[in-house]
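Under the working numbering, the first residue of the sequence shown is numbered 570, with each subsequent residue one higher.
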Amino acid sequence: MFRSISSLGSKHILPAFLACCFLSLAAPTGSLFAQDPPPQNLPPPANPPATSPDSPTKSPQETPAREGQEVSTQDTPATFKVRVNNVLVRVVVRDSHGKVVPNLKKEDFQLYDGRKLQAITSFAIENPRTHTVPLTTTPEPVGSSDADPASVKAAALPQRFVSMVFDDMHMSMQDAVFVRDSATRFFSALAPSDRVSMNTTSGQLTQDFTDDHSLLERALLGIVPRPLSHHDATDCPDISYYQADLIANKNDTQALAVATEDTIQCAFNGDTRMQAAAQGQAQMMAQRVVSEGDSETEYAYRHLEAILRRMTSLPGQRVIVLVSPGFIMSKLQNDASDLVDRATRANVVINTIDARGLYVPDVMGDIANPPRDSLRTAGYKSTYRVAAQSAQEDVLAEFADGTGGKFYHNRNDVDAAMREAGAAPEVSYVLGFSPQNLKFDGRFHTLKVGLTTKEKFNVQARHGYFAPRSASDPAQITKEEIQEALFSQEEILDIPVDLQTQYFKNDQAEARLSVLTHLDVKSVRFRKALGRNNDRLTIVTGIFDENGQYVTGVEKIIDMKLRDTTYERLSHSGLTVKSSFDVKPGTYLVRLVVRDAEGAQMAARNGAVVIPN
């Protein structure tokens, strides 16, 4: 049985630049991290290029022997030129009633890096339907033994993926019980085509994407606090992470004086002659508390980062709902900005929900573990507790504002917030600009987005970005750029490329899926040297299942050293390359990425195929 499916519609989007790092090419197992995208070198074709039916050897424009090695296939990575550094800013504009404002144009926006007005070099309008992947099937060929073609129904890939992420490393038991009850009611509002996963920042709970509500409800029972460190009010001195950060990282003399006074009272019975020893002990405790807090926050952040990588390979809407009481990033502010940048490039919206609901600032501390503050320090430490509870929200607001999401806080109807948080904004705008004379100093650059329109709209956008600390290796950046393009679902049309899929079934359990890449050679920039037209193409093909799980993939390096006569012929016929995969019957998303070395141009296309049982 043989069937062919043509390429789907495409849309011009911005090229990715700052790519994520990926972990494993192996087919996913049960682990969250095993589902991450593959390493830099995808596996070579199953057979040597000279004889493989999947290498470009079927026609004159594809055959190295006939063209005197003018076209050859390699399985080594290529080095490409680097694209212009591009900062993306996702913007959501709402009116006074909170409704999203559509139909704005590029000229309606002003973008400032610090106080400098920037030229907006790219502009895109996004909505939840932008990233849907339609799926069609063609009738069976004449003579097929299968059912009547009219009975073959078009299947549909799930078009909304929601990852519920519970921050069990910072939650209290009260928070956990509260959000578990709210999440149960959230599941009842899901559409049949929705897929939901559940993860925790500790990594102790992972339920992959499913539409089975019973599985999700069982997974909810596993949400309990799992902190790495345990704060005890009997510590001497008793220092919170917020106060320790002031002492160790911000050199706050008042915070150190308060900790020193606490140490004099708890360790030296109020003997002020031990001032120096008490100060040294307070500083050591502050360093210990900061180290423990930083480790806990970084551990949680790395799991959140891995969840984002998993989301980038999914079709349709991709939404992360982070349920957390918040946490203080301290030294990880750069990482938080980088997460916002990667989510923006991958079109992943992060909605955040404060797990504390509607809360009153806790001035007196934990009732179950009350602090033992002295009269001289009680007022200061109450101030630190209130400030810490407020500062915890900052990272939740940053994730939401920077990715076009919403931050739900100071409300007890968390179940309603979860229902709203499962969707992307109706319309968002992605502005891009290239920072001029950017210094590699790691400095934070504030961003401000304004409108040229007279109406008073509310503008939501990321707050800023960090400059890199050093220039990155061009070859490494380009490899990561190709990988990021593969695991996103965006279509890029720098080079005109057609994608076709075909499959052939030998039996009910196995099928051979072929992906044909047809390239318009006229659009590729060649370098003339020694009478030849030279260029190198990297063609990467990835196969994903209907839930966005990576199944398999292959990378081909096509070296072209074309004589003028060959170039002229290929300019009319184009270049076709085939990659084939052994797969089981099912619904698959096909992702194709092409990159040329000389022009530093990229193409990325989506296709989909249903292989019936």
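All C-beta atoms, glycine included, are put in the ideal place defined by N, C-alpha and C.
- For A912, the closest C-alpha among the options N920, L877 and E1115 is that of L877.
- As summarised for the segment 764-842, the continuous beta strand (DSSP E) elements at least 3 residues long and confined to that stretch are 775-779, given in chain order.
- A direct Cα-to-Cα measurement between G971 and F1026 gives close to 17 angstroms.
- Around N979, the same chain offers L927 as residues with beta carbons nearer than 6 angstroms, after the five sequence neighbours per side are excluded.
- In the three-state scheme derived from DSSP, where H, G and I count as helix and E and B as strand, R871 is classed as helix.
- Residue state for H1141 is assigned as helix, using DSSP reduced to three classes.
- For the options V640, I694, K1008 and A826, the alpha carbon positioned closest to that of L657 is the one of I694.
- Under the three-state reduction of DSSP, Q679 is assigned to strand.
- Beta bridge pairing from DSSP links H1087 with D1067 and T1145.
- Annotation for Y681: K1017 place their beta carbon closer than 6 angstroms to its own, counting only its chain and skipping 5 residues before and after.
- E695 is bridged by DSSP to S997.
- Look at L908 here: in three-state DSSP terms it is helix.
- Between V1120 and V1162, the gap from beta carbon to beta carbon reaches 8 angstroms or more.
- In the three-state DSSP reduction, I689 falls in the coil class, being neither helix nor strand.
- Distance from the CA of T1134 to the CA of D1165, rounded to the nearest whole angstrom, comes to 21 angstroms.
- Annotated three-state conformation of M1171 is strand, per DSSP.
- Residue pairing of D1104 in beta bridges, as defined by DSSP: M1129.
- Measuring C-alpha to C-alpha distances from V917 to each of Q844, V999 and R871 identifies V999 as the nearest.
- Under the criterion of beta carbons closer than 8 angstroms, H1032 and S893 do not qualify as touching, at roughly 19 angstroms.
- Scanning its chain for C-beta atoms nearer than 6 angstroms, with the 5 sequence neighbours on each side dropped, one finds around S943 the residues Q834, in chain order.
- Closest in C-alpha terms to N672, from the list D840, E995 and R925, comes E995.
- Contact check for L1082 against F1150 passes: the beta carbons are separated by less than 8 angstroms.
- In the assembly as shown, L797 is an exposed residue. Its beta-carbon has fewer than 16 other beta-carbons within 10 Å.
- Contact between the segment 752-760 and the segment 785-797 is present, with at least three C-beta pairs closer than 8 angstroms.
- By the C-beta density criterion, D1010 is exposed, having fewer than 16 other C-beta atoms within 10 angstroms.
- Per the coordinates, the alpha-carbon of Q823 lies some 10 angstroms from the alpha-carbon of Q812.
- With a 10 Å radius around the Cβ and a threshold of 16 neighbouring Cβ atoms, E1024 comes out exposed.
- According to the DSSP assignment, A758 belongs to no beta strand (DSSP E), since it is labelled neither H nor E.
- Leaving aside the five residues that flank Q961 on each side, the residues in its chain whose CB is nearer than 7 angstroms to its CB run, in chain order, P894, G895, F896 and I897.
- The beta-carbon separation of K1125 and V1146, rounded to 6 angstroms, stays under the 8 angstroms limit for a contact.
- At a Cβ-Cβ threshold of 8 angstroms, L1068 and R1174 count as neighbours.
- Of the other Cβ atoms in all chains shown, 16 or more fall within 10 Å of the Cβ of S906; this residue is therefore buried.
- Shown here, R684 sits in coil according to DSSP, grouped into three states, outside any helix or strand.
- Between the alpha carbons of M987 and L891 lies a gap of roughly 10 angstroms.
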